[in-house]
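Quick notes on the structure that follows.
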Amino acid sequence: MQALKGFKDILPDEARLWQRVEGTARDIFRRFGFEEIKVPILEKTGLFARSIGEATDIVEKEMYTFSDRNGESITMRPEGTAPVLRAFIEHALHLRRPINRLFTVGPMFRHERPQKGRLRQFHQLSVEALGADHPRLDAEVIAMARQLLVELGLKAELQLNSLGCPDCRPAYRAKLVEFLSGHREQLCEDCRRRVESNPLRVLDCKSANCRRLNAEAPAILGSLCAPCDQHLARVRQDLDALQIPYTMNPFMVRGLDYYTRTTFELLTDALGAQSAVGAGGRYDGLVKQLGGPDLPGIGFAMGLERLVLLLQEQEQAAAAGPDLFLACLGEPAAAYGFTLLQKCRLAGLSALMDIQGRGLKSQMKQADRLHARHVLIIGEDELNAGQAVLRNLDSKEERQVALDDELTALLPLLQS
RNA sequence: GUGGGCGUGGCUCAGUUGGUUAGAGCACCGGGUUGUGGCCCCGGAGGUCGUGGGUUCAAGUCCCAUCGCUCACCCCA
Numbered sequence: 021m022q023a024l025k026g027f028k029d030i031l032p033d034e035a036r037l038w039q040r041v042e043g044t045a046r047d048i049f050r051r052f053g054f055e056e057i058k059v060p061i062l063e064k065t066g067l068f069a070r071s072i073g074e075a076t077d078i079v080e081k082e083m084y085t086f087s088d089r090n091g092e093s094i095t096m097r098p099e100g101t102a103p104v105l106r107a108f109i110e111h112a113l114h115l116r117r118p119i120n121r122l123f124t125v126g127p128m129f130r131h132e133r134p135q136k137g138r139l140r141q142f143h144q145l146s147v148e149a150l151g152a153d154h155p156r157l158d159a160e161v162i163a164m165a166r167q168l169l170v171e172l173g174l175k176a177e178l179q180l181n182s183l184g185c186p187d188c189r190p191a192y193r194a195k196l197v198e199f200l201s202g203h204r205e206q207l208c209e210d211c212r213r214r215v216e217s218n219p220l221r222v223l224d225c226k227s228a229n230c231r232r233l234n235a236e237a238p239a240i241l242g243s244l245c246a247p248c249d250q251h252l253a254r255v256r257q258d259l260d261a262l263q264i265p266y267t268m269n270p271f272m273v274r275g276l277d278y279y280t281r282t283t284f285e286l287l288t289d290a291l292g293a294q295s296a297v298g299a300g301g302r303y304d305g306l307v308k309q310l311g312g313p314d315l316p317g318i319g320f321a322m323g324l325e326r327l328v329l330l331l332q333e334q335e336q337a338a339a340a341g342p343d344l345f346l347a348c349l350g351e352p353a354a355a356y357g358f359t360l361l362q363k364c365r366l367a368g369l370s371a372l373m374d375i376q377g378r379g380l381k382s383q384m385k386q387a388d389r390l391h392a393r394h395v396l397i398i399g400e401d402e403l404n405a406g407q408a409v410l411r412n413l414d415s416k417e418e419r420q421v422a423l424d425d426e427l428t429a430l431l432p433l434l435q436s
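Residue numbers (our numbering): 21 to 436.
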């Protein structure tokens, strides 16, 4: 028996890093005033078709979609924004406060071919700021995304672009299609198809020929309408004011249809082909499109697997051992020790003991391998005398400690 | 969906042109020190060599198939 392709167990050594990532994220998000929202993993299929876009790869060939026992088509979420917006609309959260700053964490599912940094079940931190189209909100969200990388000690490049809005993008798109059609023979096979299906995606092509051509293609930044242009300028102003470095990338494109105006990515060169650790952008028409009020929003997603991979390449966090290991000799001592163990745990200490009745030497070895800070040795003599030996494994210091039900002598020594 | 690389104890790997009982390091267990860890020494347990066929006197090694893992394309966090 083994796990499904693209599905992975996260063993304790790795789980420690996950806790660090999530813990750091929660702390930063709290400081930025973002609140957690928990949403279901399964949704009606239509939610994703309507938001991500019918013609995207995700919807066309990557979703885990099946019918439940009532014959309804349901889908395991491939991303986090759609479910959060559904919940936002369903519970009319916009009536509770003018701007909702929300985040959610959890598994997402896409049936792709697995590779480094890409699994079929993967995990994202998904962040949404809903209710304002002020460029300052863009800067705030971008600053928060970057801060997570900073506080995890990870290096990443911030790239910025604008995709325009329904007023200016169609005109740009037409201009681009005209240009690309004129140079059709210079495009790679894939891109020739893209000219019809999704021309903006051509800009993102990695083939050398296409890149060369793209350099001469009309740039979106030169085609923005005045409001979009001004929006971008103000976002840049605010990023500068916060001293957040970034580079403009006019070729950056989104794989999901709902993005408008500001888009950004956090890129690393340490993950092979999967260079984006986080990405996001504005989606001003999406809430309305999903049947809600006409409210703007901006958000981003971070890939947890990718953050953990980066952390692993940097350093291995040492496991923190238990505060106390109880070494008991003989059954009477073990029986007493077991109750002592419980008291220690209820008092807030992490504590372990041997339950296989092994010799002292073996138990000391166990304690050492667990990186325990102290060992409390209880044999028959100690049991009778109401005194035990407490050994500090780092300093090798040993001292007699009186045993009593309240652990009055023991606890202070361990909690220091 | 397409292409490359790789499958040998829990982990990382070695294994000559096919040739005796398939090895090492780490990890694990025990002993040296019968109530004191890390270092050292000694010993132990653990592998149908991914699986199924084929070639051969003989296959971990060669051939075919299959499954799995992995990297890349595609796409994306």
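From the three backbone atoms N, C-alpha and C, an ideal C-beta is built for every residue, glycine too.
Please determine, among the options, the residue with the shortest C-alpha to C-alpha distance to residue i.
i: P265; options: K195, L327, V273 and R256; result: R256
i: E92; options: G406, G292, G300 and L67; result: L67
i: L174; options: P342, L433, V409 and R326; result: R326
i: L346; options: L324, I318, D314 and K381; result: K381
i: C248; options: C230, F129 and T280; result: T280
i: Q167; options: D47, R221 and R89; result: D47
i: C230; options: A253, Y192, F271 and P190; result: F271
i: R116; options: R51, L150 and G126; result: L150
i: Q250; options: L324, C185 and A191; result: C185
i: A239; options: V197, S227 and G275; result: V197
i: R133; options: S243, M384 and L24; result: L24
i: C225; options: T95, E99, K136 and R274; result: R274
i: L207; options: A191, C188 and S227; result: S227
i: A353; options: M373, G341 and L324; result: M373
i: G350; options: S146, G379, A191 and Q334; result: G379
i: D145; options: L252, A253, G300 and F86; result: One detail in the question is off: residue 145 reads as Leu in this sequence, not Asp. It is G300 whose Cα lies nearest to the Cα of L145.
i: M96; options: Q22, N90, E34 and T85; result: T85
i: E294; options: L324, V307 and L306; result: Sequence check: residue 294 is Gln here, not Glu. Nearest C-alpha to Q294: L324.
i: C245; options: D187, L306 and D88; result: D187
i: H131; options: R254, E99 and F108; result: E99
i: Q334; options: L169, G399, Q179 and A371; result: L169
What does the alpha-carbon distance come out to for the pair residue i and residue j?
i: Q309; j: S71; result: 8 Å
i: G368; j: V59; result: 32 Å
i: P155; j: E110; result: 27 Å
i: Q376; j: M83; result: 49 Å
i: F49; j: F142; result: 21 Å
i: D16; j: Q435; result: Since the first and last residues shown for the chain are 21 and 436, residue 16 lies out of range.
i: G312; j: I119; result: 15 Å
i: E55; j: R121; result: 6 Å
i: R138; j: A163; result: 25 Å
i: V460; j: L291; result: What is shown of the chain runs 21 to 436, which leaves residue 460 out entirely.
i: V125; j: I57; result: 9 Å
i: M128; j: D29; result: 15 Å
i: A75; j: Q135; result: 24 Å
i: E285; j: K385; result: 49 Å
i: N90; j: R106; result: 22 Å
i: F442; j: R51; result: Nothing can be reported for residue 442: it is not among the residues displayed for the chain, which extend from 21 to 436.
Is the distance from the Cβ of residue i to the Cβ of residue j below 7 Å?
i: G298; j: M268; result: no
i: D343; j: R393; result: yes
i: L287; j: E177; result: yes
i: V395; j: A408; result: no
i: E148; j: P103; result: no
i: D153; j: P316; result: yes
i: T509; j: N181; result: Nothing about residue 509 can be reported from this structure: the residues present for the chain run from 21 to 436 only.
i: I61; j: V161; result: no
i: G26; j: R140; result: yes
i: G73; j: D304; result: no
i: E171; j: T44; result: yes
i: E402; j: R411; result: no
i: F358; j: A165; result: no
i: V421; j: L413; result: no
Residues in the same chain with beta-carbon distance under 7 Å from residue i, minus the five sequence neighbours each way, listed in chain order, please.
i: S201; result: V215
i: L37; result: V328, L331, Q332 and A337
i: L113; result: N120
i: V79; result: F68, A69, I72 and G73
i: G53; result: R121
So, for residue i: in the same chain, excluding its five sequence neighbours on each side, which residues have a beta-carbon less than 8 Å away from its beta-carbon?
i: R204; result: R212 and V215
i: L427; result: L360, K363, C364 and A367
i: R302; result: D153, D158, Y279, T280, R281, T282, T283, P316, G317 and I318
i: A340; result: H391
Given residue i, which residues of its chain have a CB within under 6 Å of its CB, disregarding the five upstream and five downstream residues?
i: L241; result: P270
i: L220; result: V273
i: D314; result: K308
Quiz item: Where in the segment 132-160 do unbroken runs of the beta strand (DSSP E), each at least 3 residues long, occur, reported from the N-terminal end onward?
Solution: Here the runs fully enclosed are 141-150.
Self-check item: Whole beta strand (DSSP E) elements within the segment 315-389, 3-residue minimum
Solution: Whole beta strand (DSSP E) segments, 3+ residues: 317-323, 344-348 and 371-373.
Quiz prompt | alpha helix (DSSP H) runs contained entirely in the segment 225-262, provided each spans 4 or more residues | solution = The qualifying runs are 228-236 and 246-261.
Self-check item: alpha helix (DSSP H) runs contained entirely in the segment 95-134, provided each spans 4 or more residues
Solution: Whole alpha helix (DSSP H) segments, 4+ residues: 101-110.
Exercise. For the segment 46-75, list the alpha helix (DSSP H) runs that are entirely contained and at least 4 residues long, ordered along the chain.
Key: Counting only runs of at least 4 residues, the segment 46-75 fully encloses the following alpha helix (DSSP H) elements, listed from N- to C-terminal order: 65-72.
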